[in-house]
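Structure record follows, encoded as C-alpha coordinates.
Numbering (this note's numbering), first residue to last: 701 to 1089.
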(Lines of atoms letter the chains of each structure in order from A and count residues from 1; the text may use other names and numbers.)
(Lines give C-alpha, C1' and ligand atoms only; values in the text may rest on other atoms or scores of the structure.)
Protein backbone atom coordinates (compact mmCIF):
# COMPACT_ATOMS: atom_id res chain seq x y z
CA UNK A 1 0.00 0.00 0.00
CA UNK A 2 2.76 2.56 0.67
CA UNK A 3 4.02 2.04 -2.90
CA UNK A 4 0.47 2.40 -4.20
CA UNK A 5 -0.01 5.66 -2.32
CA UNK A 6 3.38 6.81 -3.54
CA UNK A 7 2.50 6.18 -7.18
CA UNK A 8 -0.91 7.80 -6.80
CA UNK A 9 0.64 10.80 -5.05
CA UNK A 10 3.25 11.22 -7.79
CA UNK A 11 0.57 11.04 -10.48
CA UNK A 12 -1.54 13.65 -8.66
CA UNK A 13 1.43 16.01 -8.27
CA UNK A 14 2.45 15.63 -11.91
CA UNK A 15 -1.20 16.00 -12.90
CA UNK A 16 -1.48 19.44 -11.32
CA UNK A 17 1.72 20.49 -13.08
CA UNK A 18 0.46 19.11 -16.41
CA UNK A 19 -2.76 21.13 -16.19
CA UNK A 20 -0.78 24.32 -15.61
CA UNK A 21 1.92 23.53 -18.17
CA UNK A 22 -0.51 22.61 -20.95
CA UNK A 23 -2.86 25.44 -20.03
CA UNK A 24 -0.22 28.18 -20.10
CA UNK A 25 2.19 26.99 -22.78
CA UNK A 26 -0.26 25.47 -25.28
CA UNK A 27 -3.87 26.53 -24.74
CA UNK A 28 -3.52 30.17 -23.64
CA UNK A 29 -2.78 31.50 -27.13
CA UNK A 30 -6.23 30.40 -28.29
CA UNK A 31 -7.73 33.11 -26.06
CA UNK A 32 -4.92 35.65 -25.78
CA UNK A 33 -3.73 35.55 -29.39
CA UNK A 34 -6.23 38.06 -30.81
CA UNK A 35 -5.36 40.65 -28.17
CA UNK A 36 -1.65 40.17 -28.87
CA UNK A 37 -2.28 40.72 -32.57
CA UNK A 38 -4.16 43.96 -31.94
CA UNK A 39 -1.74 45.50 -29.45
CA UNK A 40 1.45 44.50 -31.28
CA UNK A 41 0.07 45.37 -34.71
CA UNK A 42 0.56 41.85 -36.07
CA UNK A 43 -1.54 39.53 -38.19
CA UNK A 44 -3.06 36.32 -36.92
CA UNK A 45 -0.84 34.39 -39.32
CA UNK A 46 2.26 35.99 -37.81
CA UNK A 47 1.32 35.35 -34.17
CA UNK A 48 0.25 31.77 -34.74
CA UNK A 49 3.26 31.28 -37.02
CA UNK A 50 5.49 32.17 -34.06
CA UNK A 51 3.58 29.66 -31.94
CA UNK A 52 4.06 27.06 -34.67
CA UNK A 53 7.80 27.77 -34.63
CA UNK A 54 7.72 27.03 -30.91
CA UNK A 55 6.07 23.67 -31.59
CA UNK A 56 8.79 22.88 -34.13
CA UNK A 57 11.46 23.72 -31.53
CA UNK A 58 9.66 21.37 -29.14
CA UNK A 59 9.91 18.59 -31.72
CA UNK A 60 13.61 19.23 -32.32
CA UNK A 61 14.41 19.15 -28.60
CA UNK A 62 12.09 16.27 -27.63
CA UNK A 63 14.68 13.48 -28.20
CA UNK A 64 17.27 15.41 -26.17
CA UNK A 65 14.79 15.82 -23.31
CA UNK A 66 13.91 12.13 -23.47
CA UNK A 67 17.54 11.03 -23.27
CA UNK A 68 18.07 13.43 -20.38
CA UNK A 69 15.21 11.81 -18.45
CA UNK A 70 16.85 8.41 -19.01
CA UNK A 71 20.26 9.61 -17.82
CA UNK A 72 19.47 12.26 -15.19
CA UNK A 73 15.90 11.52 -14.16
CA UNK A 74 12.62 13.33 -14.54
CA UNK A 75 13.16 15.68 -11.62
CA UNK A 76 15.93 17.55 -13.45
CA UNK A 77 14.23 17.70 -16.86
CA UNK A 78 10.75 18.59 -15.65
CA UNK A 79 12.15 21.29 -13.35
CA UNK A 80 14.10 22.79 -16.23
CA UNK A 81 10.88 22.78 -18.26
CA UNK A 82 9.10 24.77 -15.55
CA UNK A 83 11.96 27.29 -15.38
CA UNK A 84 11.86 27.73 -19.15
CA UNK A 85 8.06 27.99 -19.01
CA UNK A 86 8.26 30.81 -16.46
CA UNK A 87 10.88 32.62 -18.58
CA UNK A 88 8.78 32.20 -21.74
CA UNK A 89 5.62 33.58 -20.12
CA UNK A 90 7.60 36.51 -18.67
CA UNK A 91 9.07 37.33 -22.09
CA UNK A 92 5.61 37.31 -23.66
CA UNK A 93 4.25 39.50 -20.86
CA UNK A 94 6.74 42.29 -21.62
CA UNK A 95 7.14 41.76 -25.38
CA UNK A 96 7.21 45.23 -27.01
CA UNK A 97 7.49 44.01 -30.59
CA UNK A 98 7.43 41.01 -32.91
CA UNK A 99 11.04 39.77 -32.40
CA UNK A 100 10.63 39.56 -28.62
CA UNK A 101 7.25 37.86 -29.03
CA UNK A 102 8.86 35.29 -31.33
CA UNK A 103 11.60 34.70 -28.76
CA UNK A 104 8.96 34.07 -26.12
CA UNK A 105 7.26 31.36 -28.16
CA UNK A 106 10.58 29.74 -29.05
CA UNK A 107 11.46 29.50 -25.35
CA UNK A 108 7.96 28.15 -24.72
CA UNK A 109 8.66 25.43 -27.30
CA UNK A 110 11.79 24.41 -25.40
CA UNK A 111 9.73 24.30 -22.21
CA UNK A 112 7.10 22.07 -23.87
CA UNK A 113 9.79 19.55 -24.82
CA UNK A 114 10.89 19.33 -21.18
CA UNK A 115 7.67 19.38 -19.15
CA UNK A 116 4.66 18.08 -21.12
CA UNK A 117 3.43 14.50 -21.46
CA UNK A 118 6.40 12.63 -22.93
CA UNK A 119 9.02 13.52 -20.28
CA UNK A 120 6.35 12.99 -17.63
CA UNK A 121 5.56 9.52 -19.05
CA UNK A 122 9.27 8.66 -19.09
CA UNK A 123 9.51 9.83 -15.47
CA UNK A 124 6.61 7.57 -14.47
CA UNK A 125 8.30 4.63 -16.20
CA UNK A 126 11.17 4.98 -13.72
CA UNK A 127 8.99 5.02 -10.61
CA UNK A 128 5.62 3.35 -11.28
CA UNK A 129 6.86 -0.21 -11.88
CA UNK A 130 4.05 -2.53 -12.91
CA UNK A 131 1.57 0.31 -12.48
CA UNK A 132 3.08 2.23 -15.38
CA UNK A 133 0.08 1.84 -17.71
CA UNK A 134 -2.33 2.85 -14.95
CA UNK A 135 -0.19 5.85 -14.07
CA UNK A 136 -0.02 7.06 -17.70
CA UNK A 137 -3.80 6.90 -18.08
CA UNK A 138 -4.34 8.56 -14.70
CA UNK A 139 -1.94 11.37 -15.59
CA UNK A 140 -3.75 12.05 -18.86
CA UNK A 141 -7.01 12.27 -16.90
CA UNK A 142 -5.53 15.26 -15.11
CA UNK A 143 -4.09 16.78 -18.27
CA UNK A 144 -7.41 16.44 -20.06
CA UNK A 145 -8.80 19.28 -17.95
CA UNK A 146 -6.15 21.79 -19.06
CA UNK A 147 -8.27 23.37 -21.79
CA UNK A 148 -11.42 23.18 -19.66
CA UNK A 149 -9.65 25.18 -16.92
CA UNK A 150 -7.42 27.54 -18.87
CA UNK A 151 -9.64 28.66 -21.74
CA UNK A 152 -12.18 30.28 -19.38
CA UNK A 153 -9.47 31.31 -16.90
CA UNK A 154 -7.56 33.10 -19.66
CA UNK A 155 -10.75 34.84 -20.74
CA UNK A 156 -11.51 36.03 -17.20
CA UNK A 157 -7.96 37.20 -16.51
CA UNK A 158 -7.66 38.99 -19.84
CA UNK A 159 -10.97 40.80 -19.31
CA UNK A 160 -9.89 41.88 -15.83
CA UNK A 161 -6.18 42.64 -16.27
CA UNK A 162 -5.22 42.38 -19.96
CA UNK A 163 -3.15 39.81 -21.82
CA UNK A 164 0.22 41.02 -20.52
CA UNK A 165 -0.78 40.63 -16.89
CA UNK A 166 -2.29 37.23 -17.72
CA UNK A 167 1.04 36.03 -19.12
CA UNK A 168 2.78 37.42 -16.02
CA UNK A 169 0.41 35.43 -13.80
CA UNK A 170 1.15 32.34 -15.89
CA UNK A 171 4.89 32.94 -15.45
CA UNK A 172 4.31 32.91 -11.70
CA UNK A 173 2.28 29.68 -11.92
CA UNK A 174 5.11 27.93 -13.77
CA UNK A 175 7.77 29.22 -11.38
CA UNK A 176 5.96 29.10 -8.05
CA UNK A 177 3.71 26.06 -8.50
CA UNK A 178 5.08 23.72 -11.17
CA UNK A 179 8.75 24.16 -10.28
CA UNK A 180 8.32 23.23 -6.58
CA UNK A 181 6.19 20.24 -7.59
CA UNK A 182 8.91 18.96 -9.90
CA UNK A 183 11.78 19.75 -7.53
CA UNK A 184 10.29 18.45 -4.31
CA UNK A 185 7.70 15.81 -5.23
CA UNK A 186 9.36 13.94 -8.12
CA UNK A 187 11.74 11.29 -6.67
CA UNK A 188 15.32 10.99 -7.72
CA UNK A 189 16.06 8.65 -10.59
CA UNK A 190 16.39 5.06 -9.31
CA UNK A 191 19.77 3.35 -9.77
CA UNK A 192 20.41 2.14 -13.30
CA UNK A 193 22.12 -1.16 -13.98
CA UNK A 194 24.99 -0.31 -16.32
CA UNK A 195 25.73 -2.66 -19.21
CA UNK A 196 28.88 -4.74 -19.17
CA UNK A 197 31.85 -3.18 -20.91
CA UNK A 198 31.55 -5.66 -23.78
CA UNK A 199 28.02 -4.48 -24.51
CA UNK A 200 27.12 -1.49 -26.63
CA UNK A 201 24.51 0.71 -25.00
CA UNK A 202 22.20 2.26 -27.59
CA UNK A 203 20.28 5.49 -26.93
CA UNK A 204 17.11 3.80 -28.23
CA UNK A 205 17.25 0.01 -27.86
CA UNK A 206 14.42 -0.29 -30.42
CA UNK A 207 16.35 1.70 -33.04
CA UNK A 208 17.04 -1.38 -35.18
CA UNK A 209 13.53 -2.77 -34.84
CA UNK A 210 11.70 -2.32 -38.19
CA UNK A 211 8.44 -1.73 -36.31
CA UNK A 212 9.74 1.59 -34.97
CA UNK A 213 9.41 3.46 -38.26
CA UNK A 214 5.86 2.20 -38.74
CA UNK A 215 4.58 3.22 -35.30
CA UNK A 216 6.43 6.52 -35.65
CA UNK A 217 4.57 7.21 -38.90
CA UNK A 218 1.24 6.04 -37.49
CA UNK A 219 1.37 8.23 -34.38
CA UNK A 220 2.61 11.27 -36.32
CA UNK A 221 -0.12 11.01 -38.96
CA UNK A 222 -2.84 10.47 -36.35
CA UNK A 223 -1.56 13.51 -34.45
CA UNK A 224 -1.76 15.47 -37.72
CA UNK A 225 -5.38 14.48 -38.39
CA UNK A 226 -6.55 15.12 -34.83
CA UNK A 227 -4.59 18.39 -34.90
CA UNK A 228 -6.54 19.64 -37.91
CA UNK A 229 -9.84 19.02 -36.11
CA UNK A 230 -8.64 20.52 -32.83
CA UNK A 231 -7.40 23.81 -34.28
CA UNK A 232 -10.13 24.36 -36.88
CA UNK A 233 -13.05 22.87 -34.93
CA UNK A 234 -15.07 26.07 -34.57
CA UNK A 235 -14.67 26.99 -38.23
CA UNK A 236 -15.39 23.44 -39.37
CA UNK A 237 -18.65 23.37 -37.42
CA UNK A 238 -19.80 26.83 -38.51
CA UNK A 239 -18.98 25.95 -42.13
CA UNK A 240 -21.21 22.90 -41.67
CA UNK A 241 -24.27 24.96 -40.78
CA UNK A 242 -23.97 25.55 -37.03
CA UNK A 243 -24.15 29.00 -35.50
CA UNK A 244 -21.07 30.35 -33.73
CA UNK A 245 -22.69 29.87 -30.31
CA UNK A 246 -23.66 26.27 -31.15
CA UNK A 247 -20.11 25.53 -32.36
CA UNK A 248 -18.56 26.95 -29.18
CA UNK A 249 -21.02 25.07 -26.95
CA UNK A 250 -20.22 21.77 -28.67
CA UNK A 251 -16.47 22.40 -28.64
CA UNK A 252 -16.51 22.71 -24.85
CA UNK A 253 -17.38 19.00 -24.76
CA UNK A 254 -14.00 18.00 -26.22
CA UNK A 255 -12.13 18.12 -22.91
CA UNK A 256 -14.70 16.05 -21.00
CA UNK A 257 -14.85 13.55 -23.88
CA UNK A 258 -11.06 13.14 -23.75
CA UNK A 259 -11.33 12.40 -20.05
CA UNK A 260 -14.28 10.05 -20.63
CA UNK A 261 -12.30 8.03 -23.17
CA UNK A 262 -9.39 7.70 -20.75
CA UNK A 263 -11.68 6.64 -17.91
CA UNK A 264 -13.10 3.86 -20.08
CA UNK A 265 -9.55 2.80 -21.01
CA UNK A 266 -8.61 2.67 -17.33
CA UNK A 267 -11.68 0.58 -16.53
CA UNK A 268 -10.72 -2.05 -19.12
CA UNK A 269 -6.96 -1.79 -18.67
CA UNK A 270 -6.59 -5.24 -17.07
CA UNK A 271 -8.49 -6.97 -19.85
CA UNK A 272 -7.47 -5.02 -22.96
CA UNK A 273 -3.92 -4.83 -24.24
CA UNK A 274 -2.75 -1.22 -24.86
CA UNK A 275 -2.00 -2.15 -28.46
CA UNK A 276 -5.70 -2.94 -28.99
CA UNK A 277 -6.63 0.44 -27.49
CA UNK A 278 -4.62 1.93 -30.35
CA UNK A 279 -6.97 0.33 -32.86
CA UNK A 280 -9.92 1.96 -31.07
CA UNK A 281 -8.22 5.36 -31.23
CA UNK A 282 -7.48 5.04 -34.95
CA UNK A 283 -11.02 3.83 -35.60
CA UNK A 284 -12.42 6.89 -33.81
CA UNK A 285 -10.13 9.10 -35.90
CA UNK A 286 -11.74 7.71 -39.09
CA UNK A 287 -15.20 7.98 -37.53
CA UNK A 288 -14.52 11.64 -36.72
CA UNK A 289 -13.83 12.38 -40.38
CA UNK A 290 -16.95 10.56 -41.57
CA UNK A 291 -19.13 12.23 -38.93
CA UNK A 292 -17.95 15.71 -39.93
CA UNK A 293 -18.67 14.99 -43.59
CA UNK A 294 -22.26 14.20 -42.52
CA UNK A 295 -22.81 17.36 -40.45
CA UNK A 296 -25.44 19.74 -41.77
CA UNK A 297 -26.47 22.04 -38.96
CA UNK A 298 -26.92 21.18 -35.31
CA UNK A 299 -27.84 17.54 -34.92
CA UNK A 300 -26.72 14.03 -34.11
CA UNK A 301 -23.84 14.06 -36.62
CA UNK A 302 -22.35 17.20 -35.06
CA UNK A 303 -22.49 15.67 -31.59
CA UNK A 304 -20.97 12.41 -32.87
CA UNK A 305 -18.16 14.39 -34.49
CA UNK A 306 -17.20 16.09 -31.21
CA UNK A 307 -17.56 12.91 -29.14
CA UNK A 308 -15.50 10.80 -31.56
CA UNK A 309 -12.81 13.47 -31.78
CA UNK A 310 -12.59 13.94 -28.01
CA UNK A 311 -12.54 10.24 -27.13
CA UNK A 312 -10.19 9.31 -29.99
CA UNK A 313 -7.71 12.08 -29.27
CA UNK A 314 -7.82 11.29 -25.55
CA UNK A 315 -7.05 7.64 -26.20
CA UNK A 316 -4.26 8.50 -28.64
CA UNK A 317 -2.39 10.29 -25.85
CA UNK A 318 -2.56 7.15 -23.71
CA UNK A 319 -1.50 4.96 -26.64
CA UNK A 320 1.52 7.20 -27.28
CA UNK A 321 2.78 6.45 -23.79
CA UNK A 322 1.79 2.80 -23.42
CA UNK A 323 1.94 1.07 -26.82
CA UNK A 324 5.68 1.79 -27.40
CA UNK A 325 6.46 0.43 -23.93
CA UNK A 326 4.40 -2.68 -24.71
CA UNK A 327 6.13 -3.23 -28.04
CA UNK A 328 9.73 -2.36 -27.19
CA UNK A 329 10.00 -2.50 -23.38
CA UNK A 330 10.75 0.31 -20.95
CA UNK A 331 14.53 0.37 -21.21
CA UNK A 332 15.50 3.74 -22.66
CA UNK A 333 11.82 4.72 -22.79
CA UNK A 334 12.59 8.42 -22.43
CA UNK A 335 14.72 8.44 -25.57
CA UNK A 336 12.12 6.34 -27.41
CA UNK A 337 9.23 8.62 -26.50
CA UNK A 338 11.33 11.66 -27.37
CA UNK A 339 12.09 10.15 -30.77
CA UNK A 340 8.39 9.51 -31.40
CA UNK A 341 7.43 12.91 -30.03
CA UNK A 342 9.65 14.71 -32.54
CA UNK A 343 7.62 13.53 -35.53
CA UNK A 344 4.32 14.05 -33.69
CA UNK A 345 5.30 17.62 -32.75
CA UNK A 346 6.19 18.44 -36.34
CA UNK A 347 2.86 16.98 -37.49
CA UNK A 348 0.92 18.96 -34.88
CA UNK A 349 2.70 22.15 -35.91
CA UNK A 350 2.01 21.67 -39.62
CA UNK A 351 -1.60 20.49 -39.34
CA UNK A 352 -3.41 23.87 -39.18
CA UNK A 353 -1.55 25.35 -42.16
CA UNK A 354 -1.90 22.13 -44.17
CA UNK A 355 -5.70 22.17 -43.87
CA UNK A 356 -5.79 25.83 -44.87
CA UNK A 357 -3.59 24.96 -47.86
CA UNK A 358 -6.00 22.23 -48.99
CA UNK A 359 -8.83 24.77 -49.05
CA UNK A 360 -6.64 27.45 -50.63
CA UNK A 361 -5.87 25.29 -53.67
CA UNK A 362 -9.57 25.08 -54.39
CA UNK A 363 -10.69 21.82 -52.75
CA UNK A 364 -14.23 21.80 -51.44
CA UNK A 365 -14.70 20.89 -47.78
CA UNK A 366 -15.85 17.34 -48.52
CA UNK A 367 -12.95 16.76 -50.90
CA UNK A 368 -10.49 18.01 -48.29
CA UNK A 369 -12.11 15.70 -45.74
CA UNK A 370 -11.65 12.87 -48.24
CA UNK A 371 -7.93 13.63 -48.29
CA UNK A 372 -7.86 13.52 -44.47
CA UNK A 373 -9.74 10.21 -44.48
CA UNK A 374 -7.23 8.71 -46.92
CA UNK A 375 -4.37 9.94 -44.74
CA UNK A 376 -6.11 8.38 -41.74
CA UNK A 377 -6.36 5.05 -43.56
CA UNK A 378 -2.62 5.25 -44.15
CA UNK A 379 -2.02 5.90 -40.45
CA UNK A 380 -4.16 2.91 -39.49
CA UNK A 381 -2.31 0.67 -41.94
CA UNK A 382 1.02 1.85 -40.53
CA UNK A 383 -0.16 1.06 -37.01
CA UNK A 384 -1.26 -2.43 -38.08
CA UNK A 385 2.15 -2.95 -39.67
CA UNK A 386 3.86 -1.87 -36.44
CA UNK A 387 1.89 -3.99 -33.98
CA UNK A 388 1.14 -7.18 -35.92
CA UNK A 389 2.91 -10.19 -34.53
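Ideal Cβ positions, reconstructed from N, Cα and C, are used throughout, including at glycine.
Residue 797 carries a coil assignment under DSSP once its states are collapsed to helix, strand and coil. Counting only the Cα atoms, residue 742 lies some 22 Å from residue 1051. For residue 1086, the closest alpha carbon among the candidates 828, 826, 1025 and 1066 is that of 1025.
Between the alpha carbons of residue 826 and residue 713 lies a distance of about 16 Å. The C-beta of residue 852 has fewer than 16 other C-beta atoms within 10 Å across all chains shown, which makes the residue exposed. Residues of the same chain with a CB within less than 7 Å of the CB of residue 974, apart from the 5 flanking positions on each side, are 833, 1019, 1022, 1023 and 1026 in chain order.
Relative to residue 804, the option among 1046, 965, 961 and 864 whose CA is nearest is 864.
Pairing residue 707 with residue 854 gives a Cβ-Cβ distance that is not under 8 Å. In the three-state reduction of the DSSP assignment, residue 946 falls in the helix class.
With at least 16 other beta carbons inside 10 angstroms of its own, residue 965 counts as buried. Just so you know, the alpha carbons of residue 818 and residue 1065 end up roughly 34 Å apart. CA-CA distance, residue 799 to residue 747, rounds to 11 Å. In the DSSP assignment, residue 958 falls within the alpha helix (DSSP H) that extends over 954–967.
Counting C-beta pairs closer than 8 Å gives fewer than three between the region 782–794 and the region 987–1002, which falls short of the contact rule. Rounded to whole angstroms, residue 956 and residue 1006 show a C-alpha spacing of 11 Å. Under the criterion of beta carbons closer than 8 Å, residue 938 and residue 947 qualify as touching, at roughly 5 Å. Residue 814 is a Cβ neighbour of residue 784, given a cutoff of 8 Å. Just measuring C-alpha positions, the residue of 736, 976, 1042 and 787 sitting nearest residue 763 is 1042. The C-beta separation of residue 769 from residue 822 comes to about 4 Å, placing the pair in contact by the 8 Å criterion.
A direct Cα-Cα distance of roughly 8 Å separates residue 1081 from residue 918.
885 is the residue among 885, 1077 and 840 whose C-alpha sits nearest the C-alpha of residue 778. Annotation for residue 873: 720 and 724 place their beta carbon closer than 7 Å to its own, counting only its chain and skipping 5 residues before and after. Setting aside the 5 residues that flank it on each side, residue 1071 is surrounded in the same chain by 1058 and 1063, each with a C-beta closer than 8 Å to its C-beta; the list follows chain order. Of all alpha-carbon atoms in 776, 1032, 845 and 758, the one lying nearest the alpha-carbon of residue 963 is that of 845. Going by DSSP, residue 827 is part of the alpha helix (DSSP H) stretching over 817–827. Rounded to whole angstroms, the gap between the alpha carbons of residue 879 and residue 869 is 14 Å. For residue 1005, the enclosing alpha helix (DSSP H) covers residues 1000–1028.
Between residue 1011 and residue 729, the alpha-carbon positions lie close to 23 Å from each other. Within the region 703–740, the complete alpha helix (DSSP H) segments at least 4 residues long are 729–740, listed from N- to C-terminus. Under the three-state reduction of DSSP output, residue 890 falls in the coil class, being neither helix nor strand. A distance below 6 Å between beta-carbons, with the five flanking residues on each side excluded, links residue 802 to the following residues of its chain, in chain order: 750.
The alpha-carbon of residue 716 is positioned some 11 Å away from that of residue 709. Secondary structure at residue 880: helix, using DSSP grouped into helix, strand and coil. In the three-state scheme derived from DSSP, where H, G and I count as helix and E and B as strand, residue 874 is classed as helix.
In the structure shown, residue 845 adopts coil according to DSSP, grouped into three states.
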